[in-house]
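Numbering-wise (the UniProt record's numbering), the sequence shown opens with residue 1 and increments by one. First the structure, in the form of structure tokens, and then the observations on it.
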Amino acid sequence: MKGLVFHGPGQSSWQEVPDPGVKDATDAIVRVEAVTICGTDLHILKGDVPEVRSGTVLGHEAVGEVVEVGSDVRTVRPGDRVLVSCITACGRCRFCREGAYGQCRGGGGWILGHLIDGTQAEYVRVPYADLSVHPLPSTLDAGDAVLLADIFPTSYEVGVVNGRVRPGDTVAIVGAGPIGLAAIATARLFSPERIVAVDLAPSRLEAAKGLGADAVADAREAPEQLVADLTDGLGADVVIEAVGVPESFELCTRMVRPGGHVANVGVHGKPATLHLEDLWIKNVTITTGLVDTHSTPTLLRMAAAGRLPTSSLVTHNFPLDDMEEAYDVFSHAADTGALKVVLGEPRRDVVAVPAA
Numbered sequence: 001m002k003g004l005v006f007h008g009p010g011q012s013s014w015q016e017v018p019d020p021g022v023k024d025a026t027d028a029i030v031r032v033e034a035v036t037i038c039g040t041d042l043h044i045l046k047g048d049v050p051e052v053r054s055g056t057v058l059g060h061e062a063v064g065e066v067v068e069v070g071s072d073v074r075t076v077r078p079g080d081r082v083l084v085s086c087i088t089a090c091g092r093c094r095f096c097r098e099g100a101y102g103q104c105r106g107g108g109g110w111i112l113g114h115l116i117d118g119t120q121a122e123y124v125r126v127p128y129a130d131l132s133v134h135p136l137p138s139t140l141d142a143g144d145a146v147l148l149a150d151i152f153p154t155s156y157e158v159g160v161v162n163g164r165v166r167p168g169d170t171v172a173i174v175g176a177g178p179i180g181l182a183a184i185a186t187a188r189l190f191s192p193e194r195i196v197a198v199d200l201a202p203s204r205l206e207a208a209k210g211l212g213a214d215a216v217a218d219a220r221e222a223p224e225q226l227v228a229d230l231t232d233g234l235g236a237d238v239v240i241e242a243v244g245v246p247e248s249f250e251l252c253t254r255m256v257r258p259g260g261h262v263a264n265v266g267v268h269g270k271p272a273t274l275h276l277e278d279l280w281i282k283n284v285t286i287t288t289g290l291v292d293t294h295s296t297p298t299l300l301r302m303a304a305a306g307r308l309p310t311s312s313l314v315t316h317n318f319p320l321d322d323m324e325e326a327y328d329v330f331s332h333a334a335d336t337g338a339l340k341v342v343l344g345e346p347r348r349d350v351v352a353v354p355a356a
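Put into structure tokens, the structure is as follows:
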């Protein structure tokens with residue numbers, strides 16, 4: 001088969017790789033129907049995630065069809081259409097028993113495209129399939145469903161839930177890329193008074209308004225002053241960091257009110273300064289986290305019911321063989337206007353034709 005292989009910082013190629021096979025009794029092999037590229041994949045290519053070894057197939061989000069399962073798999077079988085979660089869960093370790101699947105110590109957590117070969121290929125091996133793939137409603141399009149493998153649960157759990165968004169809050173979201181936009185959509189589920197989106201790209205700020213941001217600000221033009229003006233000088237109740245650079249994190253800590261929450265979602269490759277000389281007196285809570293995906297079944301039901309704006313985040317579609325072009329488009333989002341790129345062939349349902 002072919003897959004997108006990491007060859008060290010700044011180097012990758014779409015090339016022939018060995019077909020995956022069942023290694024453990026809990027594995028499933030999935031034929032990829034749709035896959036997407038994550039900002040974390042770009043961090044890997046920059047060298048920000050040094051645990052990723054050269055030769056690894058990248059990717060941790062996919063929709064596809066189960067083609068083979070190990071002898072211990074009980075919840076899916078060949079022919080089932082599934083969502084491949086970005087998080088793998090053994091189901092037995094301390095963290096899995098607490099629902100903190102992202103911290104799994106039994107061979108799971110974030111391993112796809114990180115510690116083992118991932119989803120940006122024609123087939124993928126998924127360990128612990130019973131807890132790591134989700135059967136899909138037949139009504140849910142693959143291009144919509146693949147956004148529930150990572151960005152929607154990540155934004156919801158690590159941003160909105162960890163940030164404790166409540167009705168009537170002012171929520172500031174720094175970064176209006178896919179994660180930030182999904183945070184806008186899921187924060188709205190809690191009826192905040194206002195949502196303020198901050199970014200550098202005008203196209204992304206327009207997308208933020210389209211998804212429900214009440215105000216937008218250019219990150220270069222003192223957005224903390226806008227937040228102060230909107231809140232009578234108090235600051236935002238919740239600030240969600242969705243970029244992953246020191247400047248954006250430090251901006252978040254300047255925008256939050258005393259007693260407020262800063263929820264970091266971005267993947268950071270460099271140290272950020274924690275200004276305790278300003279924050280020590282403000283009763284501010286700062287949370288970090290890797291998504292656990294405990295919300296995925298709920299989000300799948302909401303998407304199937306049309307309650308999540310998944311389609312509006314997909315700006316580009318490519319065949320799977322155009323992986324390198326898709327990476328180029330996604331990595332130059334400021335020029336291309338890319339939000340989420342989805343790769344794969346359109347789903348074709350087989351219709352039986354009666355014999356004449």
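The C-beta atom is built at its ideal place from N, Cα and C for all residues, glycine as well.
- The Cβ atoms of VAL35 and GLU65 do not sit closer than 8 Å to each other.
- The way I'd put it, the segment 128-135 doesn't touch the segment 36-43; fewer than three beta-carbon pairs between them come closer than 8 Å.
- Shown here, LEU115 sits in coil according to DSSP, grouped into three states, outside any helix or strand.
- Restricting attention to alpha helix (DSSP H) runs no shorter than 4 residues, the segment 276-349 encloses them at 276-279, 296-304, 323-331 and 333-336, ordered along the chain.
- Between ALA197 and ALA208, the CB-CB gap stays under 8 Å.
- According to the DSSP assignment, ALA172 belongs to the beta strand (DSSP E) that extends over 170-174.
- VAL265 sits close to VAL158, with the two beta carbons spaced by under 8 Å.
- For ARG53, the secondary structure class from DSSP, reduced to helix, strand or coil, is coil.
- Counting only the Cα atoms, VAL73 lies some 14 Å from GLY79.
- With a contact defined as Cβ atoms closer than 8 Å, GLY102 and ASP292 qualify at about 5 Å.
- Taken in chain order, the unbroken stretches of beta strand (DSSP E) that lie wholly in the segment 173-257 and span 3 residues or more are 194-199, 215-218 and 236-241.
- One alpha carbon belongs to THR253, the other to GLY233, and they sit about 15 Å apart.
- In the DSSP assignment, PRO135 falls outside any alpha helix (DSSP H) and lies within the beta strand (DSSP E) extending over 133-135.
- Here the segment 158-173 makes contact with the segment 231-251; the two share three or more CB pairs at distances below 8 Å.
- Taking the C-beta atoms as reference points, LYS2 is found nearer than 8 Å to GLN15.
- Non-local beta-carbon contacts of SER13 in its own chain, meaning distances under 8 Å to residues more than five positions away in sequence, involve LEU4, VAL5, HIS7 and GLU324 in chain order.
- Taking 8 Å as the cut-off, the Cβ atoms of PRO127 and GLY107 count as close.
- ILE195 has its alpha-carbon roughly 11 Å from the corresponding atom of LEU230.
- A residue is called buried once 16 or more other Cβ atoms fall within 10 Å of its Cβ, and TRP110 is buried on that count.
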